[in-house]
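Numbering (this note's numbering), first residue to last: 9 to 323.
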């Protein structure tokens, strides 16, 4: 998952004063594993926690962990415009995204949810053409058609279970849309502010947005097993506090294109974890739909070759 709006420094040899070349790559690997595990953990906890309560519990744990590391480094001082972006990311990515995904995963399996979220790079490219004056290419149009054709196949594969399954597909797509908008906003932020502080502030905003679910969280936590509560803590510490920070760090030091390609590994990782820990897998047609969607993402990211100038042949 990544933004296609601006490129950062490619992950090549370390620059003077910069991190070692392996560090951004390691940060990406950590992010991918923890984010893949989050899809499985959310699916597992669907029987014990409602979507809003699970979102609040996860974000409260994440915000506390991030604050413990961020505050000793000093209070951040974002500008007014940066605050607007941080609050928007907090509401969309940490608030609405989590609630929509949690609700969606009560209706579709973890692997299907992960595949649906991976249409977001195409959405980001489309947003860039609308709001950042980037050129709409033939490749982008073809990629959009392929990606959403894949989404349609996934929707058909789950429709046998009734409207609840189809609603799960829609909710996962809502999560993909708000994530895409957030990424467009995040890229310029992490170029000017520490990644840790941006993540902490946005996570805290998301927790505040989810406070109306506090009553549900208290009630459901009182009835949940100790194992389920520990899984909520896991979601807050690892896929939230750690993984969002390592992703923002990687976004500072890698090109957006390189980072985007790596996130295609999340669905297969999620499917394998789902088989191991939940003994479930996406329907057969969903695999075809997911593959088609990822092909669409790859096609949309192609850049047209520059047209060679007519030059006289060498003598």
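We put the beta carbon where it would ideally sit given N, CA and C, even for glycine.
Looking only at its chain, what residues have a beta carbon closer than 8 Å to the beta carbon of residue 245, apart from the 5 residues adjacent to it on each side?
Counting only Cβ-Cβ distances below 8 Å, and skipping sequence neighbours, we find 69, 70 and 73.
Integer Cβ distance of residue 258 from residue 80, believed to fall under 8 Å
Rounded, the Cβ-Cβ distance is 23 Å, inconsistent with contact.
Below 7 Å, is the gap between the Cβ of residue 248 and the nearest heavy atom of the ligand ATP?
Ligands are entirely absent from the displayed structure, and the ligand ATP is therefore not among its contents.
Minimum Cβ-Cβ distance from residue 254 to chain D less than 8 Å
Looking at the structure shown, chain D is missing, and only one protein chain is on hand.
Out of 35, 188, 94 and 46, point me to the one whose CA is closest to residue 277's CA.
Checked all of 35, 188, 94 and 46; the closest Cα to residue 277 is 46.
Coil, strand or helix - residue 229 by DSSP:
When DSSP states are grouped into helix, strand and coil, residue 229 belongs to the helix group.
Leaving out five residues on either side along the sequence, give the residues of the same chain with a beta carbon under 6 Å from the beta carbon of residue 254.
Shown here for residue 254: same chain residues with a beta carbon closer than 6 Å to its own, the five before and five after excluded, namely 35, 38 and 39 in chain order.
Could you please give the first and the last residue of the uninterrupted alpha helix (DSSP H) stretch that includes residue 59?
Where residue 59 is concerned, the enclosing alpha helix (DSSP H) stretches over 59-78.
Identify whether residue 90 lies in helix, strand or coil by the three-state DSSP scheme.
It is helical.
Whether or not the stretch 121-131 and the stretch 227-240 are in contact is what I'm after, with contact meaning three or more pairs of Cβ atoms, one per stretch, closer than 8 Å; do they touch?
No, the stretch 227-240 is not in contact with the stretch 121-131.
Element boundaries [alpha helix (DSSP H), containing residue 2]
Residue 2 lies beyond the residue range present for the chain, which begins at 9 and ends at 323; the question has no answer from this structure.
Taking the alpha carbon of residue 206 as the point to measure from, which residue in 191, 145 and 217 has its own alpha carbon closest?
Nearest C-alpha to residue 206: 191.
Which stretch, first to last residue, makes up the alpha helix (DSSP H) that contains residue 210?
Residues 203-217.
On the criterion of 16 or more Cβ atoms from any shown chain inside 10 Å, does residue 292 qualify as buried, or is it exposed?
So residue 292 ends up on the exposed side.
Evaluate residue 85 with the Cβ neighbour count: other Cβ atoms within 10 Å of its Cβ, from every protein chain shown; 16 or more gives buried, anything less gives exposed.
Counting Cβ neighbours within 10 Å, residue 85 comes out exposed, since fewer than 16 surround it.
With 16 other Cβ atoms within 10 Å as the buried cut-off, status of residue 89:
Residue 89 counts as exposed, since fewer than 16 other beta carbons sit within 10 angstroms of its beta carbon.
Based on Cα-Cα distance, which residue from 156, 77, 96 and 176 lies nearest to residue 112?
Minimum Cα-Cα distance from residue 112 among the listed residues 156, 77, 96 and 176 corresponds to 176.
Are the stretch 203-223 and the stretch 149-157 touching, with three or more C-beta to C-beta distances below 8 Å?
Contact fails: fewer than three Cβ-Cβ distances are below 8 Å.
Between the stretch 90-102 and the stretch 49-56, do at least 3 Cβ pairs fall closer than 8 Å?
Counting Cβ pairs under 8 Å, fewer than three are found: no touch.
Per-residue burial, residue 66 [other beta carbons within 10 Å of its own, 16 or more giving buried]
Using a 10 angstroms sphere on the CB of residue 66, the tally of other CB atoms reaches 16 or more, which defines it as buried.
Start and end residues, alpha helix (DSSP H) containing residue 125:
Under the DSSP assignment, residue 125 falls in the alpha helix (DSSP H) whose first and last residues are 118-125.
Residues near residue 301 in its chain [Cβ-Cβ closer than 7 Å; skip 5 each side]
Excluding the 5 residues flanking it on each side, residue 301 has same chain C-beta neighbours closer than 7 Å at 123, 126, 127, 155, 158 and 159, in chain order.
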